[in-house]
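Below: the structure, in C-alpha cells.
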Ligand SMILES: *Cc1c(COP(=O)(O)O)cnc(C)c1O
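In the working numbering, the protein residues as written are 734 to 1128.
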C-alpha cells in the first residue's frame, strides 16, 4: 500500500479521535523517523516525550528481544524477575518506597487517586474525601484522570465526573489554600504542566504546597508522566525543587515505547493505603515491561543521561532564545531541561505542518505553544538543524 492508501484505510477503520498529520511512519533510526515514502524526519517530539533513548539503542532492543523469547506475561498472581529488578531501579531513581506498575499514564493517575483516597479512609475511618487539582492541567483521558484534568473542553461531554474535585490556579498558592477544607485528602499537580502549555511550577509555589500538605496531612501527588525520566536534567522534575511528593506517577519515557506506567508511594502512605483486593491489573508489570523499565533505567543511570540533558538543554535554550530575538511572533520561551515551549502569535498547528514538510517533527501544546520534547540523546547538531528549519518557517 502507498501512503495515501494507508491513510484512507485508517480513516475508514480507526475511530476518529485524532486529526492526524498526513504522514505514515514506518521506521526509526537514531533521532530520525522515516515515512513509507522513505522521507526522513528529525524528531523533536519523541512520540510525545516517550522515546527518550531515540530509535537505535541496541542494548534496549536486545533486552526486549531476549525477554520475548523468555516470557512475556504471567499475571500478578505470581512473581517475575524482570519487574522485581525494575521496581528496585525505579525506587532508587525516585527515592520513593513502593511502586505499582500500570499500562499507561492515565492508569497511573487512577491508581494515585485511589491510593490517596484509601489513605484518608484508613486514617479517618470514613470516605468522601476531596482532591484539589489545577486549572490547565492534564492527567489523562480515563474518567478518574479526566476528573482531575482542568480543561473544560476535554471534560464537558463526560460530566458528571468524580465528585469532590476542586480546581485551583497553578502557581498561585493562595488559590490552592482557598480550596482546602477538612475533607481535602490530596493535591495533584504536574511538576511542569505539559499539555497545558509547558508551565514549570515555581519554586515558592511548589514549596508552599508541600508545606501546606505536610501541615494538614494532605497528600502531595506529583504527576511526572511527561516531565520525569531525566527530561529536566534530574531523573524526576521534582528533584529540582528540594521537595518530595507523597505519591508520584510516571509513564511515557518509563518504557521508552513499551507501554508502561507506574505510581509510587512513600512507605508512610503505603502503610495506610491499598491492600490486597483494593487494586489490580492483569497486564501491569508483566515481565516484558519489566525488562523494558529496568533496561531503560540502567542505560540512563550508567550513561549519566541527566548530565547530558543539562548540557544539551542549555544549548537548546540558547538557540531558542536567539530565535525569539529574531522573530517577533515568539512572545514567550519557557520550560525546563528538554521540555521547552515557545508561545507564538501565529497558528502553531500551521508551523508544525510546515515543519513536517521540511523534514522536522514538532508538536504543539495548549493553543499557542510549540513544544520541544526531543529524545534525550540529541546533540548540538540536531538542535542546530531544528533551529535552521524553524527559522525558515517563522515569519
Ligand atoms: C501523557 C500524560 C498523561 C496520560 O498518559 P497516557 O499514557 O496517555 O494515559 C498524564 N499526565 C501527564 C502529565 C501526561 O503528559
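Every residue gets a Cβ at the ideal spot worked out from N, C-alpha and C, and that includes glycine.
Residue i in three-state terms, based on DSSP
i, result
"residue 982", "strand"
"residue 1054", "helix"
"residue 741", "helix"
"residue 1074", "strand"
"residue 902", "coil"
"residue 1097", "strand"
"residue 753", "coil"
"residue 1035", "helix"
"residue 823", "helix"
"residue 1105", "strand"
"residue 952", "strand"
"residue 860", "coil"
"residue 687", "Outside the displayed span of the chain (734 to 1128) sits residue 687, for which this structure offers no information."
"residue 1087", "helix"
"residue 891", "helix"
"residue 959", "coil"
"residue 1113", "helix"
Residue i and residue j closer than 8 Å at C-beta
i, j, result
"residue 988", "residue 1042", "no"
"residue 841", "residue 994", "yes"
"residue 764", "residue 1080", "no"
"residue 869", "residue 929", "yes"
"residue 901", "residue 908", "yes"
"residue 815", "residue 1010", "no"
"residue 970", "residue 1069", "yes"
"residue 961", "residue 983", "yes"
"residue 943", "residue 904", "no"
"residue 1032", "residue 793", "yes"
"residue 925", "residue 932", "yes"
"residue 981", "residue 827", "yes"
"residue 876", "residue 910", "no"
"residue 786", "residue 1029", "yes"
"residue 974", "residue 836", "no"
"residue 851", "residue 952", "no"
"residue 976", "residue 849", "no"
"residue 916", "residue 941", "no"
"residue 986", "residue 782", "yes"
"residue 1116", "residue 1103", "no"
"residue 872", "residue 921", "yes"
"residue 758", "residue 768", "yes"
"residue 888", "residue 895", "no"
Those residues which DSSP pairs with residue i across a bridge
i, result
"residue 761", "766"
"residue 925", "933"
"residue 831", "998"
"residue 943", "Paired residues: none, contrary to the question."
"residue 1120", "None, per the DSSP bridge assignment."
"residue 734", "Bridge partners of residue 734: none, in fact."
"residue 774", "766"
"residue 1067", "1074"
"residue 883", "868"
"residue 919", "864, 952"
"residue 991", "989"
Own chain residues within Cβ distance below 7 Å of residue i, not counting five before or after
i, result
"residue 1003", "830, 831"
"residue 883", "866, 867, 868, 869, 870, 900"
"residue 755", "740"
"residue 874", "839"
Environment of residue i [buried if 16+ CB atoms lie within 10 Å]
i, result
"residue 923", "buried"
"residue 1062", "exposed"
"residue 735", "exposed"
"residue 808", "exposed"
"residue 771", "exposed"
"residue 845", "buried"
"residue 978", "buried"
"residue 802", "exposed"
"residue 1020", "buried"
"residue 819", "buried"
"residue 956", "buried"
"residue 806", "exposed"
"residue 997", "buried"
Neighbourhood of residue i by C-beta, 8 Å cutoff - its chain only, sequence neighbours within 5 removed
i, result
"residue 950", "856"
"residue 1122", "775, 1088, 1091, 1092, 1093"
"residue 1064", "1076, 1077, 1078"
"residue 1125", "1091"
Close-in-space but distant-in-sequence residues of the same chain around residue i (CB under 6 Å, 5 per side omitted)
i, result
"residue 761", "788"
"residue 927", "959"
"residue 1105", "777, 1073"
"residue 991", "1022, 1025"
"residue 1113", "1048"
"residue 796", "1024, 1028"
"residue 804", "1020"
is_contact[residue i, chain B] using C-beta, thresh 8 Å
i, result
"residue 996", "Absence of chain B from the displayed structure is noted, only one protein chain being present."
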